[in-house]
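Input: a single structure, listed below in C-alpha cells.
There are 2 protein chains.
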Amino acid sequence: MSKTRYPLHTDAGAALTAVMLDIFRANGALLAAGDRLVEPLGLTSARWQVLGSIALSDHALPVAHLARVMGLSRQAVQRVVNDLEAEGFVRFEPNPHHKRAHLVVLTGKGADVYAAASEKEAPWANALAEGLSTEDLETVHRVLATLNRRLDTD
Amino acid sequence: MSKTRYPLHTDAGAALTAVMLDIFRANGALLAAGDRLVEPLGLTSARWQVLGSIALSDHALPVAHLARVMGLSRQAVQRVVNDLEAEGFVRFEPNPHHKRAHLVVLTGKGADVYAAASEKEAPWANALAEGLSTEDLETVHRVLATLNRRLDTD
DNA sequence: TGATAATTGACAATATCTTGTCAAAATGGC
DNA sequence: GCCATTTTGACAAGATATTGTCAATTATCA
C-alpha cells in the first residue's frame, strides 16, 4: 500500500477513487454527446436509453420492470415512458398478468427511430474507440460490471 | 471485426458501447452510495465533489474555473457553491484580477467536513476495490481518461 | 486607444433523476 | 380463502444538471 498521496487508501482503493471521478465526468460527457447525436431524430440520451431497454428486451415489460433492468427509479422511467408515449414512440398494451402494470411496446415509429439511432451510434462509437485496445475495453467492461454488481447488492 | 451481434460495430466499438452502459449505471449507483456515505455530515455527492475540487486545487478559483475543471456547466456549480456558502462550508473572497469573479475558498467548517468525508471514503473505497486488480483499475483509469479527453475535444 | 470578442455571475426555463406517499393490485404464507 | 407483504402506477417535492439570455467585466488585437 502506498503511503505518499492517499495515506488511508490501499493501492486499489486509490485507483478506484480515481476511476470514480473518471466515471462522473464520462457520464456527463457521454450524455451530452448522445444528446447531440440523436437530437435530429427527436430523441435525447434518456429517451434513447429507455427505447433501447424496450427494444432489446425479449418480451414486453411494464415500467417498473424496465426501471429495475436499467438501474433507475420507477418514477424516472415512468416519466420518460409517458413522454415517449405522448410522442408516439411507444404504446401501452394490456398485461394479462396485471391490471395496472401495462406492458410498454415500441410503435412502428419507435422502432424506426431506434434503428436510426443505432445506425448513427455505431460509426460514432467505432470512431471513439479507434486505437483503443479491445482487450483493454473488455477489462473496463468487466471491472465496471463487477463494481455495479457490488454497488447494487448494498 | 465481429459480424454476429452488432454488425455495424468494430470489435472495439461494440466493447465501448457496452462500457458506456456500464458507465451510466455506475454513475447512478456511485452517486447514491456517496449520498448515503456523507449524508450524516450534511453533504450530498454533488456538494462533496465541489468541495473536493476546491480542497484539492492549488489556489483559490472562481466558480467558472471550478466548473471547467470539473467538466460541468458554470450554472450547475454556481448553484451548489451558493448552497455551500449559505451553509457556511465555503466563502467568497475578493479576486484581485476580476471584480465579479470572486474566489471560492473553504471555511474551517468546510475543511473539517471535507476531511471527515475523506476519512469515510477511504475504507469504503478500499472495501469496494477489494479483490480487484490494481493493474486492471489503472487500465480502467487510463481508458476512461482517454475517453474523456476525446469527448471533451469534440 | 478603442472596438470586438470572450468570460463571468445572475436569472429563467427545462430535462433528468431521486425520495416519499398513496391506493390499487398481486403475491405469499398460514 | 385470508391476511400481511410486496409491487405497481400516480402524484408531489426537491436535487442535480442542461441550455439560453443578459449585462458587467476582462482580454485581445488592430
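Taken in order, these protein sequences are the chains called A and B. Mapping of the first sequence onto our numbering: position 56 corresponds to residue 541, and the numbering continues sequentially without gaps. Mapping of the second sequence onto our numbering: position 3 corresponds to residue 488, and the numbering continues sequentially without gaps. Every residue gets a Cβ at the ideal spot worked out from N, C-alpha and C, and that includes glycine.
Helix, strand or coil at A/Pro525 [DSSP, three-state]
Looking up residue 525 of chain A in the first sequence gives position 40. Correct three-state label for A/Pro525: helix.
Going residue by residue through the stretch 562 to 632 of chain B, where are the continuous alpha helix (DSSP H) segments of at least 4 residues, counting only ones entirely within it?
593 to 614
Is the Cβ of B/Leu515 closer than 9 Å to any Cβ of chain A?
The residue given as residue 515 of chain B occupies position 30 in the second sequence. Chain A, which has a Cβ nearer than 9 Å to the Cβ of B/Leu515, makes this yes.
Buried or exposed for A/Val638, going by 16 or more other Cβ atoms inside 10 Å?
On the first sequence, position 153 is the one that residue 638 of chain A refers to. According to the sequence provided, residue 638 of chain A is Thr. The question's Val does not apply to it. Classification of A/Thr638: exposed, given that the 10 Å Cβ count is below 16.
Ignoring anything shorter than 4 residues, give me the alpha helix (DSSP H) runs that lie fully in the stretch 531 to 559 of chain B, in order along the chain.
548 to 555
Can the beta-carbon of B/Val589 be found less than 9 Å from the beta-carbon of B/Glu570?
The residue labelled residue 589 of chain B in the question sits at position 104 within the second sequence. The residue labelled residue 570 of chain B in the question sits at position 85 within the second sequence. Closer than 9 Å, so yes.
Restricting to Cα atoms, I'd like to know which of A/Arg627, A/Val625, A/Ala610, A/Asn633 is closest to B/Thr495.
The count along the second sequence starts at 1 and reaches residue 495 of chain B at position 10. Here the closest residue by C-alpha is A/Ala610.
Residues, ordered as in the chain, of the stretch 499 to 515 of chain A that lie near chain B by beta-carbon distance below 9 Å
Ala499, Ala500, Leu501, Thr502, Ala503, Val504, Met505, Leu506, Asp507, Ile508, Phe509, Arg510, Ala511, Asn512, Gly513, Ala514, Leu515
Using the Cα positions of B/Arg643 and A/Gly556, report the straight-line distance between them to the nearest angstrom.
As displayed, chain B neither begins before 486 nor continues past 639, which places residue 643 of chain B out of reach and without an answer.
Comparing the C-beta of B/His550 with each C-beta of chain A, is any distance below 9 Å?
Against the second sequence, residue 550 of chain B aligns to sequence position 65. It does not; no Cβ of chain A falls within 9 Å.
Can you pull out the residues from the stretch 610 to 626 of chain B whose beta carbon lies closer than 7 Å to at least one beta carbon of chain A?
Ala610, Asn611, Leu613, Ala614, Leu617, Thr619, Asp621, Leu622, Glu623, Thr624, Val625, His626
For a test of the three-state rule: what should DSSP assign to A/Thr495, helix, strand or coil?
Here residue 495 of chain A corresponds to residue number 10 of the first sequence, with the count starting at 1. Three-state DSSP puts A/Thr495 in coil, outside helix and strand.
Assigned secondary structure, B/Thr502 (DSSP; H/G/I helix, E/B strand, else coil)
Taking the first residue of the second sequence as 1, we reach residue 502 of chain B at position 17. In the structure shown, B/Thr502 sits in a helix (DSSP, three-state: H, G or I).
Determine, using beta carbons only, whether A/Thr495 comes closer than 9 Å to chain B.
Within the first sequence, residue 495 of chain A is the residue found at index 10, counting from 1. Yes - at least one Cβ of chain B is within 9 Å of the one on A/Thr495.
Identify which residue in B/Leu522, B/Val625, B/Val565 has its Cα closest to the Cα of B/Ser538.
Along the second sequence, read from residue 1 onward, the residue named residue 538 of chain B stands at position 53. Among B/Leu522, B/Val625, B/Val565, the Cα nearest to that of B/Ser538 is on B/Val565.
Counting pairs of Cβ atoms below 8 Å between the stretch 526 to 534 of chain A and the stretch 530 to 548 of chain B, do you hit three or more?
no
With a threshold of 8 Å on Cβ separation, who are the neighbours of A/Leu522 within its own chain once the five nearest residues in sequence on each side are excluded?
Translated into the one-based positions of the first sequence, residue 522 of chain A becomes position 37. Ala602, Lys605, Glu606, Trp609, listed in sequence order.
Going along chain B in order, which residues have a C-beta closer than 7 Å to the C-beta of A/Gly556?
Walking along the first sequence from the start, residue 556 of chain A turns up at place 71. Result: Arg510, Gly513, Ala514.
With 9 Å as the threshold, decide whether the Cβ of A/Ser542 is near any Cβ in chain B.
As a first step, residue 542 of chain A is located in the first sequence; it is residue number 57 there, counting from the start. It does not; no Cβ of chain B falls within 9 Å.
Would you say B/Asp637 faces chain A, with C-beta separation under 9 Å as the test?
Residue numbering aside, residue 637 of chain B sits at position 152 when the second sequence is read from its first letter. Closer than 9 Å: yes.
Find out if the Cβ-Cβ distance for the pair A/Ala497, B/Leu622 is shorter than 9 Å.
Residue numbering aside, residue 497 of chain A sits at position 12 when the first sequence is read from its first letter. Residue numbering aside, residue 622 of chain B sits at position 137 when the second sequence is read from its first letter. Cβ atoms of A/Ala497 and B/Leu622: closer than 9 Å.
Is it right to say A/Asp597 is buried, meaning 16 or more other beta carbons lie within 10 angstroms of its own, or is it exposed?
Locating residue 597 of chain A in the first sequence gives position 112, where the first residue counts as 1. A/Asp597 should be labelled exposed.
Rounded to whole angstroms, what is the Cα-Cα separation between B/Arg576 and B/Ala518?
As a working note, residue 576 of chain B is residue 91 in the second sequence. As a working note, residue 518 of chain B is residue 33 in the second sequence. Computed Cα separation, rounded: 27 Å.
Starting from A/Thr529, find everything on chain B with Cβ-Cβ shorter than 9 Å and list it in chain order.
In the first sequence, counting from the first residue as 1, residue 529 of chain A sits at position 44. Within 9 Å Cβ-Cβ: nothing; A/Thr529 doesn't reach chain B, min ~13 Å.
Using a C-beta cutoff of 9 Å, does B/Ala586 count as contacting chain A?
Working through the second sequence from its first residue, we reach residue 586 of chain B at position 101. Closer than 9 Å: no.
For the putative contact between A/Val548 and B/Val628, defined by C-beta atoms under 8 Å, what is the C-beta separation to the nearest angstrom?
Numbered from its first residue, the first sequence carries residue 548 of chain A at position 63. Numbered from its first residue, the second sequence carries residue 628 of chain B at position 143. With 8 Å as the limit, A/Val548 and B/Val628 do not qualify as a contact, their Cβ atoms being about 34 Å apart.
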